[in-house]
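Going left to right, the sequence shown walks through residues 5 to 177 as my numbering numbers them. Idealized CB from N, CA, C, for every residue including glycine.
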Amino acid sequence: MLINRLLEYTKFADAEPIKEIIDFKALIQEVFAELLLVCTHRDRVELHFKEELPVILGDHILMKQVITNIISNSLKFTRNKETAIMEVGYFIKNDEDIFYIKDNGVGFDMKFSENLFELFQRMHSQNDFEGSGLGLAIVKKIIPKFGGRVWIEGEVGKGACTYFTIGHENILK
5 MLINRLLEYT
15 KFADAEPIKE
25 IIDFKALIQE
35 VFAELLLVCT
45 HRDRVELHFK
55 EELPVILGDH
65 ILMKQVITNI
75 ISNSLKFTRN
85 KETAIMEVGY
95 FIKNDEDIFY
105 IKDNGVGFDM
115 KFSENLFELF
125 QRMHSQNDFE
135 GSGLGLAIVK
145 KIIPKFGGRV
155 WIEGEVGKGA
165 CTYFTIGHEN
175 ILK
């Protein structure tokens with residue numbers, strides 16, 4: 005599995021994006037539905053859109069990978085919740101187009117937030133939560149291809165929120 009994830013990382017790191025019109029809300033709904041098929045707590049998961057999401061210009065495959073990695077983390081870290089809630093939104097701040105995916109999962113200590121985007125970095129043991137520690141590293145490689153940046157905020161026991169921007173020129177509205 006680790007070798008496959010490393011190959012995936014290399015593939016996405018080197019990929020040149022193909023710009024196409026993407027209905028971002030539809031893409032998120034598609035990824036969510038696909039991930040729920042293999043989710044052990046799918047009957048206790050809710051997805052909420054807090055704001056309308058714009059149509060974007062981006063590479064469908066790369067953006068799908070970004071959303072897949074973020075939502076799969078949210079599903080993984082909310083599996084022990086009575087009701088797992090994922091909130092998706094969008095806002096503009098300081099002339100940046102900011103998207104977010106927030107969950108009510110186990111969260112993490114913010115002093116480790118930057119480490120989460122490095123290869124093989126994990127906040128929880130393999131025994132508690134499966135994973136390779138490559139998902140957010142892949143996200144960090146893809147988002148700059150669209151003129152953006154990514155960061156994460158969280159609090160132990162209260163969940164996490166992954167934010168990312170996409171360059172203004174790639175927002176079609």
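(1) What residue range is occupied by the uninterrupted beta strand (DSSP E) comprising Leu139?
(2) Suppose you measure from the CA of Ile75 to the CA of Leu66; what does that come to, to the nearest Å?
(3) Note down, one range per segment and in chain order, each alpha helix (DSSP H) of at least 4 residues found wholly within the stretch 22-91.
(4) In angstroms, rounded to a whole number, what distance separates the CA positions of Trp155 and Tyr167?
(5) Counting only C-beta atoms, is Phe36 closer than 8 Å to chain C at any point?
(6) Considering only C-alpha positions, which residue in the set Lys85, Val160, Asn119, Gly161 is nearest to Ala141?
(7) Going by DSSP, what residues sit across from Glu159 in a beta bridge?
(8) Helix, strand or coil for Phe112, going by three-state DSSP, please let me know.
(9) According to the Cβ coordinates, are Val92 and Phe53 closer than 8 Å?
(10) Thinking Phe95 and Ile170 are a contact (beta carbons under 8 Å), I'd like their distance in whole angstroms, please.
(11) Mark Pro58 as exposed unless 16 or more other C-beta atoms lie within 10 angstroms of its C-beta, in which case mark it buried.
Concretely, from the data shown:
(1) One-based indexing of the sequence shown puts residue 139 at position 135. The amino acid occupying residue 139 in the given sequence is Gly; Leu does not appear at that position. No beta strand (DSSP E) contains Gly139, which is instead part of the alpha helix (DSSP H) from 139-146.
(2) Looking up residue 75 in the sequence shown gives position 71. Looking up residue 66 in the sequence shown gives position 62. Computed Cα separation, rounded: 14 Å.
(3) You should have 28-40, 64-81.
(4) As a first step, residue 155 is located in the sequence shown; it is residue number 151 there, counting from the start. As a first step, residue 167 is located in the sequence shown; it is residue number 163 there, counting from the start. Rounded to whole angstroms, the separation of the alpha carbons of Tyr167 and Trp155 is 5 Å.
(5) Here chain C cannot be found, since the structure has a single protein chain.
(6) For the purposes of this step, residue 141 is taken as residue 137 along the sequence shown, with counting starting at 1. That would be Asn119, whose Cα lies nearest to the Cα of Ala141.
(7) Counting from 1 along the sequence shown, the entry for residue 159 is found at position 155. In the DSSP output, where bridge partners are listed per residue, Glu159 has Gly163.
(8) Here residue 112 refers to the residue found at position 108 of the sequence shown. Three-state DSSP puts Phe112 in coil, outside helix and strand.
(9) For the purposes of this step, residue 92 is taken as the residue at position 88 of the sequence shown. For the purposes of this step, residue 53 is taken as the residue at position 49 of the sequence shown. Contact: yes.
(10) As a position in the sequence shown, residue 95 is number 91, starting the count at 1. As a position in the sequence shown, residue 170 is number 166, starting the count at 1. That belief does not hold up - the Cβ atoms of Phe95 and Ile170 are roughly 13 Å apart, past 8 Å.
(11) By 1-based counting over the sequence shown, the position of residue 58 is 54. Pro58 sits buried, since 16 or more C-beta atoms from the chains shown fall within 10 Å of its C-beta.
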